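Novice: Going by the working numbering, the sequence shown runs without a break in its numbering and finishes at 810. Glycine included, each C-beta is placed from N, C-alpha and C at the ideal position. Given the structure is predicted, the values throughout are model-derived calculations rather than measurements.
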Amino acid sequence: MDRRYYEIQTGQTFSSDEAAARHLMSRTRGEDFSLNPLFEPEWLLAGLSTPAEKLGVAYLLDDAAGTSCGPVDDRFPVGAEGPLSQLRSLQTDDSTAAIRAAVVENARRFAEERAWLAPVGAKRSTATDPAIAGPRAVTVVIPTSLEASDLTERLSDLAAQTHGDWKAVVVGDVDSARDVVAGSGLAVDRFTFVAADGDPSRILAAALAQVASGPVAFLVAGSRWAPSVLLDGVTRCSGTSFAWFSAGVSEHNSDLVAWGANDLGPVALRERGIDTSLAAVVVEAELVAEIGGMDTDLGGAEDFDLLIRLLSSGRGVRAGRGVRHTFPERPVRPRSTADPRVWEKVVVSKHLIDWEALEVGLPKRVAGRISVCMPTYEDWSMTRRAVAAVLDSSPDGDVEVVIVDNGSRRSVSSILTALYEDEDRVRVVRSPRNHNFSTGSNLAFAQSSGEFAIFLNNDTVVAPGSLAALRDRLSEAPDVVGVQPLLLYPDGTVQTAGTFFNGERIMPWHFLASHPRSDAYAAGVRRFSAVTAAALMMRASDVVQLRGFDPEFQNGLEDVDLCLRGNLLRDDAHFETVLESTVFHHESKSVGRMNSSVLNRGLFDLRWRGRYPASDLPRYTAAGLQALHTTAGTPQAFRLLRTSHPVVVRPPRMVPDGPSAGRPSLRWAIKVDSVFDETTWGVESTDPLVDEIRSVLQQHGQEVVVDQRGTHYRTSDYLDDATVTIQGSVAVSPQPGATSFLWTVGDPVRISPDEAHSYDLVVADGDVGRTAAVPATQSVLTRTGSVADDVTVMLDKAIEIVSSRRGPVA
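#1: Who are the Cβ neighbours of S660 in its own chain at under 6 angstroms, not counting the five residues just before and after it?
#2: Taking the alpha-carbon positions, what's the K350 to A446 distance?
#3: Could you tell me the distance, in whole angstroms, from the CA atom of F327 to the CA atom of Q554?
#4: Whether or not the region 171-188 and the region 144-157 are in contact is what I'm after, with contact meaning three or more pairs of Cβ atoms, one per stretch, closer than 8 angstroms; do they touch?
#5: Measuring only the C-alpha atoms, how far is A469 from L488?
#6: With the cut-off set at 8 angstroms, would you say W166 and A268 are in Cβ contact?
#7: I believe Y5 touches L24 by the beta-carbon criterion, under 8 angstroms. Please report the beta-carbon distance rounded to the nearest angstrom.
#8: According to DSSP, is L557 helix, strand or coil?
#9: Give me the Cα-Cα distance between V762 and F511, rounded to the nearest whole angstrom.
#10: Would you be able to state if there are at least three C-beta pairs under 8 angstroms between the region 219-237 and the region 268-283?
#11: Is DSSP giving P395 helix, strand or coil here?
#12: I'd like the list of long-range same chain contacts for T128, defined as Cβ closer than 6 angstroms, with 5 residues on each side in sequence excluded.
#13: Please look up how many angstroms separate the CB atoms of V283 and P215, rounded, as I've assumed it's under 8 angstroms.
#14: Would the C-beta of H712 count as close to the ligand ZN, meaning under 7 angstroms from any of its heavy atoms?
#15: Let me confirm a value: E800 is counted as buried when at least 16 other C-beta atoms fall within 10 Å, else exposed. Which label applies?
#16: Between the Cα of H435 and the Cα atoms of W43, S238 and D550, which residue gives the shortest distance?
#17: For V461 versus V583, is the C-beta distance shorter than 8 angstroms?
#18: Any idea which residues DSSP pairs T782 with across the strands?
#19: Considering only residues of the same chain and omitting the five flanking positions on each side of E400, which have a CB-CB separation below 8 angstroms?
#20: Considering only the beta carbon of each residue, do L606 and T296 sit closer than 8 angstroms?
#21: According to DSSP, simplified to helix, strand and coil, what is F741?
#22: Would you kindly check if the distance between the Cβ of T739 and the Cβ of A798 is under 8 angstroms?
#23: Could you tell me the distance, in whole angstroms, from the CA atom of V591 to the CA atom of A534?
#24: Given a threshold of 16 other Cβ atoms within 10 Å of its Cβ, counted over all protein chains shown, does T383 qualify as buried or as exposed?
#25: Taking the straight line between their C-alpha atoms, what separation do you get for I99 and S89?
#26: Using CA coordinates, which residue listed in S752, D677, P652 and Q12 is at the minimum distance from G807?
#27: Would you give the residue range spanned by the alpha helix (DSSP H) that H325 belongs to?
#28: By Cβ distance below 8 angstroms, which residues in the same chain neighbour G548 in space, the five residues on each side in sequence not counted?
#29: Quick check: what's the CA-CA separation for V814 versus S518?
#30: What do you get for K671, buried or exposed, if any count of 16 or more other CB atoms within 10 angstroms of its CB means buried?
#31: Any idea what DSSP makes of L219, helix, strand or coil?
#32: From what residue to what residue does the beta strand (DSSP E) around T460 run?
#33: What does a CB cutoff of less than 7 angstroms around A573 pick up in its chain, not counting 5 residues either side in sequence?
#34: Below 8 angstroms between beta carbons: does that hold for Y612 and F528?
#35: Compute the Euclidean distance between the alpha carbons of P340 and D173, then round it to the nearest angstrom.
#36: In chain order, what residues of the same chain have a beta carbon less than 6 angstroms from the beta carbon of L186, not counting five sequence neighbours either side?
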């Protein structure tokens, strides 16, 4: 037990190690604590193979359990007495000192973050600093609201102020506001009315333009003031400071109030997000002007931005309680770009990433170095695999990996810290909150040092040499802004070979998704308007010029938006897929990855309407396919967009030359028993029989793909005219509508009658084909001993059946 480490995590102190241990044992299973920097329960349990093992404790004393005490097992093997023995050894090993120190420091930061991010209802500081100035005139900015009753209540609070030396600026829809003011009993001549429309930032800027100097207070919609607010505020601010109240914040129709702290720094406020209001500050107009005024480029969350900049000035004076703010009713997740929570991400990114400084620092970046920018959330296992693949794929190359831990729980953060503390090529950057893919990727880039940057998902596995292939293409082609590899699913089929469009209001899609990877190689399509950021390499200079990913997009379409902006950088600018580079992608494993898809689509359409790339449908011909139409889903709430996908077919065609000239050219799928393995990096089959069957068919002008066990049933298999299943350990159900052949290997008795009957033709040796397993009515081709001859017979049979089912091929 490392008592000090445990105290840091819990925020408590204990009289002895035993007291700390008893406290740990009393915790519920969901609480995330560890007894030692080198002992991580989540890591230890992940190494166990059965639920029964996880319920007991015997594995702690047994190396046969196959687990270890923490993420240092590669460097410090488990001893014969198990993980606890390993932990005792590590405690006295000087070589682990740096890891221990890093994990302890990470725990300290995590505890500090947890204090910042305490949930609604948590106790907050409400300390009050002494007054520093006397009472004086103050200007109250009052934006109008949709509900007249809200404005009436705010004016009532203004009338009740004990400090009566004020004037007000009412801004927004002032026509209706005049009547409300007239009915409030307040003197109308104390009010200035400024008509303004547009987003809230421009409305507030219009009001501030009316205030040349002196203190300013904001009585914004949804806010209520205690009678002492103006007096407490103006006496605690001067020309160089502002008063900050601890505001009670609640949701619409909720009695639960969170009192926002008035002693947080700008970083803490930034990470907490919007949980306070401009109604909680009284500030000198001169200070607002000094820090740049209202940012009118923000469509929302402008108050959040101004508060962060005020706090960054370091001139806040605490003014106690007295302010309440109720947020309007809103859905659980944003549904349109008008929601301030969308703009909150933009504000956070603005204060996290200094793009101007990154631009100045471009000459210092290391020539030829590849910086891998990898955000991760609530995961260390896939991240560890992804990082290992990156380092293994470039053993002699200059590669660095920057991992952004995007607000993960303590155990994940601790494991990542321990894994890479002594790895010079890997750096872990901790973010207190999940800032989504856009800002997480931008943050990783901001910490990188290479001439080239690849944005890489943490659920990927990079094939050897793939990063170098991407870099080489960028190095030789100045007009190429960015490149992606051929991305494959874990089963070896294509996830995306690029991004295709089909005109206005139609969302883009992945080219050749779920096709055999041989289709992508055969098509040879390389140039695209956009590619995927699951694995996107760009020059660092272009990333800086584009200011990275737009944080308005929340885990979707930010990559397409970046690419379309990249196409405007220079003449003939475009993106490419480098087919010589391969990355496997375990897609959409991140928690909450698709929660904002409707919003992202609407935002994309709002931004790019009238400028969508031209239709890519004609380009399917390069793959021997034709896109005839697009399917459409139901309209979505934001901008009434509908999802769509191309309807792709394989047009009938004739063999132009060779031994089968003038006959139909069919598409054949050979189903093999081997299981796809990422470590083979694209080898479809090592079976000479499969290679020979494929070769003979291709000599006859036929198109051939090979499906391994995980891809026997893929969504693109409707394109196949004929299938040849090589008998294996797993029965394969033939593709409906396709001519099907079963090529027996070994003992055909293992074939069930139902399985045999489902095929159009069974290829077997002599009379052995006529077993009890193969019905008498079943067509059986007795092998001749020549694969070429047998395949030719299959070809004749397939053409005959296809013609009878579909009619003659023109």
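Specialist: Let me lay it out:
#1: H700 and G701
#2: 12 angstroms
#3: 22 angstroms
#4: yes
#5: 17 angstroms
#6: no
#7: Not quite, the Cβ-Cβ distance comes to about 11 angstroms (not below 8 angstroms), so this is no contact.
#8: coil
#9: 35 angstroms
#10: yes
#11: coil
#12: R318 and G320
#13: 7 angstroms
#14: With respect to small molecules bound, the structure shown includes none, and the ligand ZN cannot be examined in it.
#15: exposed
#16: D550
#17: yes
#18: A764
#19: R369, I370, S371, V372, R425, V426, R427, S448, S449 and G450
#20: no
#21: strand
#22: yes
#23: With a pLDDT of only 40 at V591, under 50, the local geometry of the prediction cannot be trusted, and no value is derived from it.
#24: buried
#25: 14 angstroms
#26: P652
#27: Counting along the chain, H325 falls outside any alpha helix (DSSP H), though it belongs to the beta strand (DSSP E) covering V323 to T326.
#28: I353, W355, S438, S441, N442, F445 and L562
#29: Given a span of 1 to 810 for the chain in the structure shown, any question on residue 814 remains unanswerable.
#30: buried
#31: coil
#32: T460 to V462
#33: D479, V481, G566 and N567
#34: no
#35: 20 angstroms
#36: A159
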